[in-house]
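Data first, discussion second: the structure below is written as structure tokens.
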Amino acid sequence: MLNLYPYYTFMRSRGIIPLDSALFKPLPPSKEEIDPNTLLHYTNLFDAMLDAAQFALRSLNFSHIPIVVTETGWPSAGDQKIEPFANKDNADTYNSNLIKHVLVDRAGTPLVPEQTASVYIYELFNEDQRPGPESEKHWGLFYGNGTPVYLLNVEGSGGFLANDSTNRTFCVAADGADMKALQAALDWACGPGRANCSEIQPGESCYDPNNVRRHASYAFDSYYQKEEKVVGSCYFQGAAMVTTTDPSHDDCIFPGSKQISNITKTGRNTTESSSAEEICCWRLRRGMREGHHFKFSVVLRTIIVLLIAYTISFLCC
């Protein structure tokens, strides 16, 4: 098991290692690293570091032990005075290209080209209370409430999707929320929160089934979509949760589903359903395809929000 962080190696190199090498970007031949002992060519820092571990194992006569990369990633924010390369663009580029490198290209390393490593992305959620440099708080793909920090973009990945949950998430009543909390949150959403609750009035399309949980879910989603899914807009004191399952039923179309439909009709975006969406949801904490570009509602077409890296490891094996 190996924790492999090109970010730290790049930062410590003080400009010797090209940023493009650390981010899996194409390099001109003059920028490629060549091992003087083996004459192997390295086009990215990840492979070079992985092969360094392979060579170390071989020197100890362990030549047939597969390496599992248990942690790798790139911070999406940091102290810009001392961590200028910790930003969303670089984090998106690194993780997107990493996934393409491992899952789409199924590329091995120059030393073992036939063997694709199993890789775990560090990490799923940001840790806003983590001590140390500012970047330590920003390694997650998602904020604590389940919304993506940035959108992964993976080309040529077939059924693989990126973590674009912006068109595929809804706010509904949380599992286990008590009726008093739901009623209070419903009253707030339809009152001070200014959610559009007209569809849950008597005689309207979402009035039935006439119960607090159903009505609260509609009101929560109306508020959530109105607020453009910003962090904290689907909390309601713990009474709500974000889900990728469309809660619409019969003639009752939830606000989030209406927005997706409108976007699809205008040709700006298209969405595809997945059986994984039936079960994929996030419990809130404190607080696509278009051409060859695929964006995913909660990492990987069959993304499991509870452990994205676990899915990546399975697909690699």
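Everything in the sequence shown is counted per my numbering, starting at 7 for the first residue and increasing by one.
Idealized CB from N, CA, C, for every residue including glycine.
Quiz item: Between the Cα of Ala190 and the Cα atoms of Lys143, Pro139, Ala246, which residue gives the shortest distance?
Solution: Ala246
Quiz prompt | 7 Å Cβ shell around Ser239 - same chain, five flanking residues per side excluded | solution = Tyr229, Tyr230, Glu233
Self-check item: Nearest neighbour of Tyr224, chosen from Gly244, Tyr241, Tyr48, Pro253 [CA to CA]
Solution: Pro253
Quiz item: Between Arg112 and the rest of its own chain, which residues show a CB-CB distance below 7 Å, the 5 nearest in sequence each way excluded?
Solution: Thr122
Quiz item: Between which two residues does the beta strand (DSSP E) carrying Ser228 extend?
Solution: Note, Ser228: premise wrong, no beta strand (DSSP E); alpha helix (DSSP H) at 218–232.
Self-check item: 6 Å CB neighbourhood of Cys203 in its chain, flanking five on each side removed
Solution: Cys196, Ala225
Self-check item: Coil, strand or helix - Val118 by DSSP
Solution: Reduced to three states, the DSSP call for Val118 is coil.
Quiz item: Going straight from the alpha carbon of Asp98 to that of Ala183, what length do you get?
Solution: 35 Å
Quiz item: Between the beta-carbon of Phe148 and the beta-carbon of Phe260, is there less than 8 Å?
Solution: no
Practice problem: Locate the alpha helix (DSSP H) running through Cys196, then write down its first and last residues. | Solution: 185–196
Exercise. Please state whether DSSP places Asn96 in a helix, a strand or coil.
Key: helix
Quiz item: So, helix, strand or coil for Asn327, using DSSP?
Solution: This structure cannot speak to residue 327, because the chain is shown only from 7 to 323.
Practice problem: Give the single residue among Ala92, Arg20, Leu158, Pro72 whose Cα lies nearest to the Cα of Lys106. | Solution: Leu158
Practice problem: Reducing DSSP to helix, strand and coil, say where Glu25 ends up. | Solution: Checking the sequence shown, residue 25 turns out to be Leu, not Glu. Note: Leu25 maps to helix in three-state DSSP.
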